[in-house]
Amino acid sequence: MAKTALITGASGGIGKEFAIIHAEKKGDLILVARSEGKLNALKTELEQKHGIKAEVIVKDLNQPNAAKELYETVKNTGLEVDYLINNAGFGGIGNFYERDIKEDISMIQLNVEVLTELTHYFLQDFTKKNSGKILNVSSTASLLPGPLQAVYFATKAYVSSFSNAISEELKGTGVTVTNLMPGATETNFGKVSGMDKTVMFDKTASARKVAEDGYNGMISGKLDVISGLTFAQKALNMMMPFLPKKMVLKQVKQMQTPK
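Add 514 to the 1-based position in the sequence shown for the numbering used here, that's all there is to it.
Written out as structure tokens, the structure is:
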């Protein structure tokens, strides 16, 4: 029987690649994003190419009560979700005190609140049937503080911590939670956030490779999946815990300063 995956932020980037990968494995889809045209085009493409069923739910998850409304829409349609992929999120660059606080509050709402709510709602269903998988898209940014992206890094630290904690709570239930931590990835995120003008985005991983690593990790029930790092970035990540924090903060700030 085909497994159904609900994917937020499915209209492009890593989210779109998750949808393609799941369809290639003959799984059905619930595609969620704001861009109706892109979602419908993806639905048509995947249904015709892979013979699966894809439902489109157009939803701006930054609106009040959006997560609860999305869950209720899914339940009212009679669709049963097997995999929840919390992919929607965004970032932004600049000194915190100079940024638009409304934008940062929206970032917290989408990256943290919506992800938390959807995880809560669907976990209630998953634990009742002792089956289900959740993939939360965090970031390697979750591993350290991020000057010039203070709120974004903090939201991703929450996602990683939250995902790991509930993964332990769920042992013995048949439900798993996987935390995906991509490095700089070739998506619209860089342009939207302004990170494409920084050293950190000089070398980016393909969205397909990151999505494959995350999806396979979810299927295997892995706790954490790190993807898309260069050898130098991997070495730096390993050294970070042993370096003075002030040195790390200075280095991260330099890497995130637009050229």
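C-beta atoms are modelled at their ideal positions from N, C-alpha and C, and glycine is treated no differently.
Note that this is a predicted model, so its numbers are computed, not measured.
Requested in this report: Starting from G646, follow its DSSP beta bridges and name the residues at the other end.
Outcome: As computed with DSSP, G646 is found in a beta bridge with V689.
Report task. State the CB to CB distance for the pair T615 and T669, rounded to an integer number of angstroms; the pair is presumed to be in contact (CB under 8 Å). Result -> Per the sequence shown, the amino acid found at residue 615 is Ile instead of Thr. Incorrect: roughly 15 Å between the Cβ atoms, too far for contact.
**Report entry** Residue from M732, K582, V651 with nearest C-alpha to V689
**Finding:** Nearest to V689 by C-alpha distance, out of M732, K582, V651, is M732.
Query raised in the report: Is the distance from the Cβ of D596 to the Cβ of K685 below 8 Å?
Result: Not a contact, by the Cβ cut-off of 8 Å.
Query raised in the report: Can you tell me whether DSSP reads K755 as helix, strand or coil?
Result: As written in the sequence, residue 755 is Pro, which differs from the Lys given in the question. Correct three-state label for P755: helix.
Query raised in the report: Around the C-beta of N650, are 16 or more other C-beta atoms found within 10 angstroms, so that it is buried, or is it exposed?
Result: By the 10 Å Cβ count, N650 comes out buried.
Query - Same chain only: Cβ atoms within 6 Å of N730, ignoring 5 sequence neighbours per side - result: Correct list: empty, nothing qualifies.
Query raised in the report: What is the C-beta distance between I648 and V588, in whole angstroms, given that I count them as a contact (C-beta under 8 Å)?
Result: Contact flag wrong, Cβ pair sits at about 15 Å.
Query - Span of the alpha helix (DSSP H), counted from its first residue to its last, around D596 - result: Element bounds for D596: n/a, residue is neither H nor E.
Query raised in the report: Would M695 be called buried (16 or more neighbouring beta carbons within 10 Å of its own) or exposed?
Result: Per the 10 Å Cβ criterion, buried.
Query raised in the report: Just the Cα atoms here: how many angstroms apart are I521 and E594?
Result: Roughly 13 Å between the two C-alpha positions.
Query raised in the report: Does the beta-carbon distance from T641 to F676 come in below 8 Å?
Result: Cβ distance not < 8 Å, so T641 and F676 don't count as in contact.
Report task. Find the nearest neighbour of A671 within the set E683, N625, A524, K567, judged by alpha-carbon distance. Result -> If we check each option's Cα against that of A671, N625 comes out closest.
Requested in this report: Round the Cβ separation of S620 and N576 to the nearest angstrom and send it over; I've been treating them as touching at under 8 Å.
Outcome: Yes, they are in contact, since the Cβ atoms of S620 and N576 sit about 5 Å apart, within 8 Å.
Query raised in the report: When DSSP labels each residue in this structure, what does T622 get in the three-state scheme?
Result: Note on identity: in this sequence residue 622 is Ile, with Thr being the wrong assignment. Residue state, collapsed to three classes: helix.
Report task. Taking all protein chains shown into account, decide if Y611 is buried (16 or more other Cβ within 10 angstroms of its Cβ) or exposed. Result -> By the Cβ-count criterion, Y611 is exposed, with fewer than 16 other Cβ atoms from all chains shown falling within 10 Å of its own Cβ.
Requested in this report: Pull up the DSSP beta-bridge partners for L545, would you.
Outcome: According to DSSP, residue pairing for L545 in a beta bridge involves I521, V570.
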